[in-house]
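Engineer:
Number of protein chains: 2
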Amino acid sequence: MDQDFYCLHSEMCKTLANEKRQRILGALRTSELSVSRIVEATGMSQANASQHLSILRSKGVVKARREGNKVFYSITNPKIIQAFDLISEVMQEVLADQSHMIDDVIEHPIDPT
Amino acid sequence: MDQDFYCLHSEMCKTLANEKRQRILGALRTSELSVSRIVEATGMSQANASQHLSILRSKGVVKARREGNKVFYSITNPKIIQAFDLISEVMQEVLADQSHMIDDVIEHPIDPT
DNA sequence: TTAGAACATTCATATATCCTTATGTACCCC
DNA sequence: GGGGTACATAAGGATATATGAATGTTCTAA
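First to last, the protein sequences are chains E and B.
The number in my numbering is simply the position in the first sequence, starting from 1, with 18 added.
The number in my numbering is simply the position in the second sequence, starting from 1, with 18 added.
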């Protein structure tokens, strides 16, 4: 495994690992949207949305297209959606496992002696 | 989409979005390992490895099993490896696209007028 | 029960990230 | 050109994250 690999990999993850940026990607998963639409869909401030879009763009996750007054953003690579969904599955399975573990503890309390 | 969904999702991503933790997951992808083996494989300090393992464990990404003196860690869900690899692919494709874009700029410089 | 190995935790500090406010730039229409 | 809309960027202070050093804990073996 290449020296920089984990660093690059974690950079990509870090880009995706933010609630606001996830909301943006969630909004963009079906179609491209203008910034003002993204602001509407996500409920964040315009400045904040632009900042996150700038980060996503600089990491190659989304691309921008100007059309007159507006700028339309879209996801560059459909695998980003796949990765997003796969992590959703992992998250749900992990949560399910954790609640089973809690059930076990409730039904079979750990003896502290 | 649930209110907390993006928050949970970004929490999971944040857990994965760290170079050291990625190294640990990379070391664990084929088999479980004791902490000392993980320390060897990743080159980080014992305390730091324990700290990151604690984070991974608290988020349900890895699980621990004590055997006498040692504690063996393993990845809880094989989909975590899938997600890891998928993000690798995304990363490589994004990097490839970016270098094409740089080529384009070199071959067809943007006219500043 | 003491020594030592393997691992976990705490604390303090450095660094990075995030968001708000304010300001700047690009485009359209009159 | 002037004004308005859409978007981008900069500066700042608040919050979160990462790391090393020091200290605890758990187990084994003698």
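Backbone N, C-alpha and C fix where the C-beta goes; we use that ideal spot for every residue, glycine too.
Tell me where the beta strand (DSSP E) around ALA35(B) begins and ends.
Structural biologist: Where ALA35(B) is concerned, there is no enclosing beta strand (DSSP E), given that its DSSP letter is neither H nor E.
Engineer: Whole angstroms is fine: what's the gap from PHE23(E)'s alpha carbon to ILE105(B)'s?
Structural biologist: Roughly 12 Å separates the two Cα atoms.
Engineer: For GLY61(B), which residues in chain E fall below 7 Å Cβ to Cβ?
Structural biologist: Residues of chain E passing the Cβ test: none, with the nearest at roughly 11 Å.
Engineer: Grab me the residues of ALA101(E)'s own chain with a C-beta within less than 8 Å of its C-beta, minus the 5 sequence neighbours each way, in chain order.
Structural biologist: Correct list, in chain order: LEU34.
Engineer: Does DSSP put SER52(E) in a helix, a strand or coil?
Structural biologist: The answer is strand: DSSP assigns SER52(E) an E or B state.
Engineer: Residues of chain B with CB under 8 Å from VAL112(E), in chain order?
Structural biologist: Those are MET30, LYS77, GLY78, VAL79, THR94, ASN95, listed as they occur along chain B.
Engineer: When you compare the stretch 66-86 of chain B with the stretch 79-95 of chain E, are there three or more beta-carbon pairs, one atom per stretch, that lie closer than 8 Å?
Structural biologist: No, they do not touch.
Engineer: Quick check on GLY86(E) - is its C-beta less than 9 Å from some C-beta in chain B?
Structural biologist: Not one chain B Cβ lies under 9 Å of GLY86(E).
Engineer: Using a C-beta cutoff of 9 Å, does LEU26(B) count as contacting chain E?
Structural biologist: Output row for LEU26(B): interface = yes.
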